[in-house]
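Engineer: My structure is below; once you've seen it, I'll send some questions.
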Amino acid sequence: MSLNSFDPNTAENSEDIEKQFAVVAVEQAETYWKLITSIPGSKLRLTKLDDEIYELFMERFPEYKDVERLRKFDEEELKNKVAKERWRQFANYFEKKVEDFNFGTLLRTDANAEYGQFTTCFVVRIQFYAFEIARNRHGLNDWAVGHQ
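FYI, UniProt numbering numbers position 87 of the sequence shown as 87, with every residue one higher than the one before it.
This is the structure:
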């Protein structure tokens with residue numbers, strides 16, 4: 001198949017590629033969990049652009065200024081049609097600034113819980129950074145220290 005005729009909107013997913021992405025996403029989640037169980041999130045910087053990511057997240061998604069909503073959200077808040085467009089615009093802002101900004105990553109839907117079947121959703125990396133930087137700034141991950 002030539003790249004000129006490739007349409008990503010109609011392409012079928014390769015099971016092997018999906019498995020590789022899943023392995024990388026799980027490894028990243030395990031690494032992040034080890035990090036926040038060792039060091040209070042409020043003391044962490046995840047990227048050199050934490051301030052910019054946080055400020056734009058709060059500007060574009062003011063609903064997450066509500067700490068309880070930031071702590072726990074429903075996956076549908078990120079996946080409905082309107083939200084997808086908002087997140088696409090947010091992500092595109094960081095396209096040339098954040099490496100792997102659109103790689104698949106696991107995000108906890110509840111900052112009071114470990115990664116688990118019912119408390120995790122699949123997002124792009126910049127969404128992970130937005131939520132976890134904000135959660136860390138508000139001390140929402142500090143409880144995890146020592147919970148390995």
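The beta-carbon is built from N, C-alpha and C at its ideal position, and this holds for glycine as well.
Quick test of the definition: if touching needs 3 or more C-beta pairs under 8 Å, does the stretch 40-47 touch the stretch 130-138?
Structural biologist: Yes, the stretch 40-47 is in contact with the stretch 130-138.
Engineer: I need the straight-line Cα distance from N141 to S42, nearest angstrom please.
Structural biologist: Each residue's Cα considered, the two are about 7 Å apart.
Engineer: With H, G and I counted as helix, E and B as strand and the rest as coil, what does DSSP make of G146?
Structural biologist: In this structure, G146 counts as coil in the three-state DSSP scheme.
Engineer: State yes or no: is the C-beta of A144 within less than 7 Å of the C-beta of T37?
Structural biologist: The answer is yes: Cβ separation under 7 Å.
Engineer: Using only alpha-carbon positions, find the residue among F21, V26, I126, T119 that is nearest to E75.
Structural biologist: Minimum Cα distance to E75 is reached at T119.
Engineer: Evaluate Q127 with the Cβ neighbour count: other Cβ atoms within 10 Å of its Cβ, from every protein chain shown; 16 or more gives buried, anything less gives exposed.
Structural biologist: Result: buried.
Engineer: Between K65 and E55, what straight-line distance do the alpha-carbon atoms span, to the nearest angstrom?
Structural biologist: Their Cα atoms are separated by approximately 11 Å.
Engineer: May I ask you to report which of helix, strand or coil DSSP gives R45?
Structural biologist: Reduced to three states, the DSSP call for R45 is coil.
Engineer: Kindly give me the distance between the Cβ atoms of V123 and F101, rounded to whole angstroms, as I take these residues to be in contact under 8 Å.
Structural biologist: Between F101 and V123 the Cβ distance is about 11 Å, and since that is not below 8 Å, they are no contact.
Engineer: Identify whether T31 lies in helix, strand or coil by the three-state DSSP scheme.
Structural biologist: Of the three classes helix, strand and coil, the one that applies to T31 here is helix, per DSSP.
Engineer: Tell me which residues share the same chain as A113 and place their Cβ nearer than 7 Å to its Cβ, disregarding the 5 neighbours each side in the sequence.
Structural biologist: Hits under 7 Å: T119.
Engineer: Can you tell me whether V98 is buried or exposed? The criterion is at least 16 other CB atoms within 10 Å of its CB, across all chains shown.
Structural biologist: Buried, since its Cβ has 16 or more Cβ neighbours within 10 Å.
Engineer: Quick check on V98: does DSSP put it in helix, strand or coil?
Structural biologist: V98 falls in the coil class under three-state DSSP.
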